[in-house]
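Everything on this sheet refers to the single structure shown next.
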Amino acid sequence: MVPLSFLFGFLIIDFVSAFGQSFVAPQKALYLYKVLHFTPIQFGLLMSTHGLAMLLGLLLLSVWGERVNKRATIVLGFLSHAFLIFALLFVHQFILLFLISLFAGIGGGMVRPLLNVYYLDRTTLQHRSSLIGIKEAVSSLGEISGSLTVVLASAWLIPQRTFIFGGCIVVGASLIALRLLKSHRVSLPTPAQLAHAIHLDEQLNDIPEVALTGAEYE
Numbered sequence: 300m301v302p303l304s305f306l307f308g309f310l311i312i313d314f315v316s317a318f319g320q321s322f323v324a325p326q327k328a329l330y331l332y333k334v335l336h337f338t339p340i341q342f343g344l345l346m347s348t349h350g351l352a353m354l355l356g357l358l359l360l361s362v363w364g365e366r367v368n369k370r371a372t373i374v375l376g377f378l379s380h381a382f383l384i385f386a387l388l389f390v391h392q393f394i395l396l397f398l399i400s401l402f403a404g405i406g407g408g409m410v411r412p413l414l415n416v417y418y419l420d421r422t423t424l425q426h427r428s429s430l431i432g433i434k435e436a437v438s439s440l441g442e443i444s445g446s447l448t449v450v451l452a453s454a455w456l457i458p459q460r461t462f463i464f465g466g467c468i469v470v471g472a473s474l475i476a477l478r479l480l481k482s483h484r485v486s487l488p489t490p491a492q493l494a495h496a497i498h499l500d501e502q503l504n505d506i507p508e509v510a511l512t513g514a515e516y517e
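In this text, residue positions in the sequence shown follow the numbering used here: the first is 300, and each later residue adds one.
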């Protein structure tokens with residue numbers, strides 16, 4: 300099973316990142332409509348562009364997934380989303396926000412699959428479904444908590460404060476990921492472990508074929 304320190308660390312990443320995104324989302328929609336005076340078409344283009352960019356990120360990951368640096372990609376994915384949140388403070392032109400949404404979507408689309416890889420690589424087959432279920436439950440809890448916090452703190456949360464706070468939360472998730480992935484690398488087997496594995500394989504090869512065949516039906 301996954302070490303508890305690793306599990307708790309990654310669950311914190313999932314919770315914090317989901318919290319930060321859902322914390323910003325309601326204020327972002329109102330900000331684009333009421334402050335920047337974007338039309339429904341412009342708002343729809345921004346949202347659909349971000350979604351399509353995430354799909355593009357998944358496609359790129361499926362092609363080059365084994366060749367990319369997973370740790371760097373996860374951290375950059377978080378930072379790209381934080382950049383989009385902070386950009387709302389200074390960028391008011393539709394075309395610039397469109398391009399930033401495209402960039403953030405590509406990076407953000409790669410984060411969840413790569414995090415799942417770290418989960419699955421460090422647990423046994425019999426515990427994988429339970430672990431992913433816990434992961435998704437924690438992410439959902441983060442989304443609910445983020446939206447609820449916006450409701451409870453709406454009296455003093457002007458858009459600028461929301462974006463600063465939400466962006467810092469996502470940056471915090473990237474820093475946690477940077478630290479956690481650095482301290483949980485896959486260790487290579489020692490020479491003693493390799494020798495034991497080779498010796499065990501030789502013993503299995505010495506077992507008669509009839510005995511192996513009969514074992515399948517016991």
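Beta carbons: idealized from backbone N, C-alpha and C, even for Gly.
query                                                                                                                                                           : result
Does DSSP classify Met346 as helix, strand or coil?                                                                                                             : helix
Would a C-beta distance cut-off of 8 Å place Ser439 and Pro325 closer than the cut-off?                                                                         : no
Which class does Ile384 belong to by DSSP, given the choice of helix, strand or coil?                                                                           : helix
Taking Ser606 as part of the alpha helix (DSSP H), name the residues at either end of that continuous run.                                                      : There is no way to answer for residue 606, as the model of the chain reaches only from 300 to 517.
Run the CB neighbour count on Ala476, radius 10 Å, all protein chains shown included, and call it buried at 16 or more, exposed below.                          : buried
Which first and last residues belong to the alpha helix (DSSP H) in which Asn368 is found?                                                                      : Taken as a continuous stretch (DSSP letters only), Asn368 belongs to no alpha helix (DSSP H), as it is neither H nor E.
Classify Met353 as helix, strand or coil using the three-state DSSP reduction.                                                                                  : helix
Select from Phe309, Tyr418, Arg478, Phe462 the residue whose C-alpha is nearest the C-alpha of Ala381.                                                          : Phe462
Who are the near neighbours of Leu357 in its chain, counting only those whose CB is closer than 8 Å to its CB and skipping five residues on each side?          : Gly408, Met409, Pro412
Thinking Gln341 and Phe393 are a contact (beta carbons under 8 Å), I'd like their distance in whole angstroms, please.                                          : 5 Å
Starting from Lys327 and walking both ways along the alpha helix (DSSP H), at which residues does that stretch end?                                             : 303-329
Output the residue ranges of the alpha helix (DSSP H) runs that lie fully inside the region 394-453 and measure 4 residues or longer, sorted by chain position. : 410-420, 427-451
Using the Cα positions of Ala403 and Leu396, report the straight-line distance between them to the nearest angstrom.                                            : 10 Å
Of the choices Ile405, Ile311, Ser379, whose alpha-carbon is the least far from that of Ser347?                                                                 : Ile405
Rounded C-beta distance between Ala317 and Gly441? I'm assuming under 8 Å.                                                                                      : 3 Å
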